[in-house]
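Numbering (our numbering), first residue to last: 52 to 604. Note that beta-carbon positions come from the ideal geometry of N, C-alpha and C, so glycine has one too. Values in this document were obtained by computation on a predicted structure and should not be read as measured data. Take a look at the structure below.
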RNA sequence: GCGCCAGUAGCUCAGUUGGAUAGAGCAACGGACUUCUAAUCCGUAGGCCGAGGGUUCGAAUCCUUCCUGGCGCGCCA
C-alpha cells in the first residue's frame, strides 16, 4: 500500500517537472512516508515538500501545493491535504484498503513475504556455545534471536544459512576430557583431587559413566591418549544434547561447522599465510601478531602464541575468511555482549583483507539475569550450579520462552524470573496473541456448524465493512509486509512481536464489540473474510517467530 | 583510566531511523459474561524521555560534557 502511494507521488513529481510548476528536475533520493501518530493526519504523511525546499528554493507549502494539484483525481487517494509547516497528509480511499484483504487471501501463507533481499546470500552464525556442557538460559536468548533474525531475513527474500560453529579444538575441550577422565577414575574407586578449573557439574559424572559403559575402563592407554579419547567422547555426547535441546526449542541448523576441521584441512595455516603475504601479520617475542591497530583496534592481537599454540582468534580469523570465500555477501554473528571487545579486531581483519567491515554484522545479545523468586541464580559452567535451557523450556514452555526472549530489543538486559514466568503463564503475552488466532478458528467452527460457507474471493462485498474498527484492522494487516522488511534489515525481530500484540489487541476489541456471524449473510461473509485475514497474518507472523498458532485453547 | 550497551509512567518495555499533542503491557482503581471461548473487553489515573549545553523549521531520537547501572579491556576461552 505504502509502495503504491510512493509510486503515485513519483509520477506526480514527474508531472510537476514537465509542466513547470517545479523546476529543479531533481528526483529526491527517497520519498519518506510515515504513518502519523494522530489519525487526523491521514493514513500517510510525507515531509517531501520540506526536504525539497532547499533544492527548489521555494517555500515548502508552495511545493506541497504543486504536488497536491498533480495528485488530484488519483483513484488511490481519497483526500490529500497540506498541514503544518508543509506536511502532505494522504487519506487513501477505503476501497483501496479493502483490497489488502484480497491480497492476504490470495497469498495466504506467503502474505508478508517480499523479495527485497533476493539474490543476497547471508550467513547467520549463532549459539556456537562450547561443546563442554549443556546450554544455559543465556544461550537460549541468542539462539532464539539468531533464529528469528534468520527467519525474518528469509521472509524478506534473503537467502540465509544457519550455522553453529563448534569450538572443538581448544583448551576447553581438553579440560572437559580431563574432567571426564578424573570422574571415570573416581568411578573405578580411585581417590582423586578435582582441580579448580575442571568442570565440576554433575553432567561430567554422567558422561564418565556413559563412557565406561560404551568404551570400557580405558586400560592400556596413557594419560594423553585417555584424555584425548575422553574429550572426543564428551564433545560428541554434549553436542548431541545441545542439538536435541535446540530442536526441542524449535531451532535447527543447516550446518555444524567444526573448528577442528579447520585445522585438519590446514585451513588455519593457509589463511594465516594469506595474511602474512599481505603484510598484515608480523612476528615479535616469538609470537605471530595480526596488525589490527592499522584498522582501528587499540592493540595488535596474537595469532600464534610463543609456545607455538594457536589462539582462538587465529581460528576465528580463518573461519571468517573462509565464510566469505564460501560466497556469502553478508555474515551475521550473534554473540553474547561480553564478547563485544572482539568486534574491532574482527572488523580490522576484514578491512585488512579488503572487505567492507559492514559485511560482518555482529549482533550483541545482552545478558540474561536468571532469577528464582527474585533471587539471582548463580551461573557458570565450572561452578556446577546452573539452570539449563532445557529445564527452563520444560518448565515455562517453548512458546512462552521463545516469545519472552523476542519481546525486547536484544541490546537491553533481561531479567528472567522462573517463578514469575510460570505464574504469569496464564496471562503471558504469547497467549494473548495465540488466543486471538484460536478465536477466529472457533468462529470458523461455529460457522461450519451453522452451515455458513467460507467467503470466496470474488464474491465478498467489502462495502459491508463500514465500521471504523474494521478499517483499522485492515490497515494493520497492510502494515505487515513493511514490518517484516523493517525487522529484517535492522535485525530486530521484536518488531514483529509488537506488531502482533497490536493486531491481537485490535482483534480482541473488535470481537468483544461486534458479532461476526450475524443475520445478514453478506455482512457475515465480509466479516469472516476480515477475521480470517487476521488469522492468516497472525499465523504467518508467529511462524516466523517459531511460535505455534493453536486452533483451540 | 579507556571502550561498548542501557537509562522513557510505580514495574517491564515500545517509539516507524529527525516529524505534528510521547505510547503499550503489568500493578492500582471502577465497570462488562442468559450473546461466535472472560486466556477477553471498556473506562480512570499515572511523565522534567537520567542532567546540562549544542545542531535546525522541528530532538526521546544526532553531536558534546557529566551522572547512574551492566559488561569488556590476556600470548584466557
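Kindly list the residues whose CB is nearer than 8 Å to the CB of residue 162, restricted to its own chain and excluding five residues on each side of it in sequence; keep chain order.
Taking the first residue of the first chain as 1, we reach residue 162 at position 111. These residues qualify, in order along the chain: 154, 155, 531, 532, 587, 588 and 591.
Verify whether the separation of the beta carbon atoms of residue 82 and residue 57 is less than 9 Å.
Here residue 82 is taken as the residue at index 31 of the first chain, counted from 1. Here residue 57 is taken as the residue at index 6 of the first chain, counted from 1. Yes, Cβ-Cβ distance for residue 82 and residue 57 is below 9 Å.
So residue 138 is in the beta strand (DSSP E); what residue range does that whole segment cover?
Here the question's residue 138 lines up with position 87 in the first chain. It spans 138-143 - the beta strand (DSSP E) in which residue 138 sits, taken as one unbroken run.
Enumerate, from N- to C-terminal direction, the unbroken alpha helix (DSSP H) stretches of 4 or more residues contained entirely within the segment 275-340.
The segment 275-340 is shown to contain whole alpha helix (DSSP H) runs of 4 or more residues at 310-315 and 318-328, in chain order.
Decide yes or no for the touch test of the segment 485-494 against the segment 232-251: beta carbon pairs closer than 8 Å, at least 3 of them.
Result no; under three Cβ-Cβ pairs closer than 8 Å.
Does residue 471 come out as helix, strand or coil in the three-state DSSP assignment?
Counted from its first residue, the first chain places residue 471 at position 420. Of the three classes helix, strand and coil, the one that applies to residue 471 here is helix, per DSSP.
Note down the Cα distance separating residue 433 from residue 253, rounded to an integer number of angstroms.
Within the first chain, the letter at position 382 stands for residue 433. Within the first chain, the letter at position 202 stands for residue 253. For residue 433, the predicted structure reports a pLDDT of 46, less than 50, and the residue's modelled location is therefore unreliable. A value from the coordinates is still provided. One C-alpha to the other measures close to 10 Å.
Quick one: grab the DSSP three-state call for residue 379.
To locate residue 379, count along the first chain from 1; it is residue 328. Coil.
Touch check for the segment 87-100 and the segment 176-187: three-plus C-beta pairs under 8 Å?
Inter-segment contact for the segment 87-100 and the segment 176-187 is absent: fewer than three beta-carbon pairs are separated by less than 8 Å.
Any idea if residue 569 is buried or exposed, counting beta-carbon neighbours within 10 angstroms, 16 or more meaning buried?
Taking the first chain and counting its residues from 1, the one referred to as residue 569 is at position 518. So residue 569 ends up on the exposed side.
Label residue 467 either buried or exposed according to how many other C-beta atoms from any shown protein chain fall within 10 Å of its C-beta, with 16 as the threshold for buried.
Residue numbering aside, residue 467 sits at position 416 when the first chain is read from its first letter. With 16 or more other Cβ atoms within 10 Å, it is buried.
From residue 243 to residue 541, what does the alpha carbon distance come to, in whole angstroms?
Position 192 of the first chain holds residue 243. Position 490 of the first chain holds residue 541. About 52 Å.
Does residue 70 come out as helix, strand or coil in the three-state DSSP assignment?
The sequence position of residue 70 within the first chain is 19, counting from 1. Residue state, collapsed to three classes: helix.
In chain order, what residues of the same chain lie with their CB nearer than 7 Å to the CB of residue 98, ignoring the 5 residues before and after it?
Here residue 98 is taken as the residue at index 47 of the first chain, counted from 1. The residues 83 and 138, in chain order, have a CB closer than 7 Å to that of residue 98 in the same chain once the five nearest residues on each side in sequence are set aside.
Measure from the alpha carbon of residue 349 to the alpha carbon of each residue in 439, 337 and 394, then state which is nearest.
Here residue 349 refers to the residue found at position 298 when the first chain is read from its first residue. Cα-wise, what sits closest to residue 349 is 394.
Just tell me which of 102, 55 and 114 has its CA closest to the CA of residue 74.
Along the first chain, one-based indexing puts residue 74 at 23. Out of 102, 55 and 114, 114 has the C-alpha closest to the C-alpha of residue 74.
Residue range of the beta strand (DSSP E) that includes residue 129:
The residue given as residue 129 occupies position 78 in the first chain. Counting along the chain, the beta strand (DSSP E) containing residue 129 begins and ends at 128-134.
Three-state secondary structure (DSSP) at residue 609?
For the chain, the structure presents residues 52 to 604; residue 609 sits outside this window and is missing.
Tell me which residues share the same chain as residue 585 and place their Cβ nearer than 8 Å to its Cβ, disregarding the 5 neighbours each side in the sequence.
Position 534 of the first chain, counting from 1, holds the residue named residue 585. Cβ neighbours of residue 585 beyond the five flanking positions: 487, 491, 524, 528, 554 and 558.
Cβ neighbours of residue 398 in the same chain (closer than 6 Å, five flanking residues each side left out):
Against the first chain, residue 398 aligns to sequence position 347. Within the same chain, residue 398 has close Cβ partners 408.
Compare the Cα-Cα distances from residue 174 to each of 362, 474, 535 and 380 and report the closest residue.
As a first step, residue 174 is located in the first chain; it is residue number 123 there, counting from the start. Comparing Cα-Cα distances from residue 174 to each of 362, 474, 535 and 380, the minimum goes to 380.
Residue 173 bridges to which residues according to DSSP?
Here residue 173 refers to the residue found at position 122 of the first chain. Under DSSP, residue 173 forms a beta bridge with 211 and 381.
If you follow the alpha helix (DSSP H) that residue 230 is part of, which residue opens it and which one closes it?
Start at 1 with the first residue of the first chain, and residue 230 comes out as number 179. Where residue 230 is concerned, the enclosing alpha helix (DSSP H) stretches over 222-238.
Can you tell me whether residue 101 is buried or exposed, with buried defined as 16 or more other CB within 10 angstroms of its CB?
Here residue 101 is taken as the residue at index 50 of the first chain, counted from 1. Buried, because 16 or more other Cβ atoms sit within 10 Å of the Cβ of residue 101.
As assigned by DSSP and simplified to three states, the class of residue 255
Here residue 255 refers to the residue found at position 204 of the first chain. Helix at residue 255.
Cα-Cα separation, residue 338 to residue 360:
Sequence index remark: in the first chain, residue 338 carries index 287 (1-based). Sequence index remark: in the first chain, residue 360 carries index 309 (1-based). Roughly 9 Å between the two C-alpha positions.
Could you tell me if residue 575 is buried or exposed, where buried requires 16 or more neighbouring beta carbons within 10 angstroms of its beta carbon?
Here residue 575 refers to the residue found at position 524 of the first chain. Under this definition residue 575 is a buried residue.
Best match in 152, 351, 130 and 345 for proximity to residue 143 [C-alpha to C-alpha]:
As a first step, residue 143 is located in the first chain; it is residue number 92 there, counting from the start. Check the Cα spacing between residue 143 and each of 152, 351, 130 and 345: the tightest is with 130.
Only counting the same chain, and skipping five residues up and downstream in sequence, which positions put a Cβ closer than 8 Å to that of residue 604?
As a position in the first chain, residue 604 is number 553, starting the count at 1. Cβ neighbours of residue 604 beyond the five flanking positions: 482, 485, 486 and 489.
Thinking just about the alpha-carbon of each residue, which of 423, 392 and 217 is nearest to the one in residue 415?
Numbered from its first residue, the first chain carries residue 415 at position 364. Comparing Cα positions, the closest option is 392.
Looking at the unbroken beta strand (DSSP E) that takes in residue 414, where does it start and where does it end?
On the first chain, position 363 is the one that residue 414 refers to. Counting along the chain, the unbroken beta strand (DSSP E) around residue 414 starts and ends at 411-416.
Please determine, among 565, 535 and 599, the residue with the shortest C-alpha to C-alpha distance to residue 168.
What you label residue 168 is simply residue 117 of the first chain in a count that begins at 1. With distances taken between Cα atoms, residue 168 lies closest to 535.
Where residue 435 and residue 189 are concerned, what is the direct C-alpha to C-alpha distance, given to the nearest angstrom?
Within the first chain, residue 435 is the residue found at index 384, counting from 1. Within the first chain, residue 189 is the residue found at index 138, counting from 1. Note that residue 435 scores a pLDDT of 49, beneath 50, so its modelled location is shaky; the value from the coordinates is reported in the next line. Between the C-alpha atoms of residue 435 and residue 189 there is a straight-line separation of about 16 Å.
For residue 85, does the three-state DSSP call read helix, strand or coil?
In the first chain, counting from the first residue as 1, residue 85 sits at position 34. In the structure shown, residue 85 sits in a strand (DSSP, three-state: E or B).
Measuring alpha carbon to alpha carbon, tell me which residue in 439, 295 and 471 is nearest residue 426.
Taking the first residue of the first chain as position 1, residue 426 is located at position 375. Of the candidates 439, 295 and 471, the one whose C-alpha sits nearest the C-alpha of residue 426 is 471.
Per the DSSP calculation, residue 426 is bridged to which residue(s)?
As a first step, residue 426 is located in the first chain; it is residue number 375 there, counting from the start. Residue pairing from DSSP places residue 426 in a beta bridge opposite 423.
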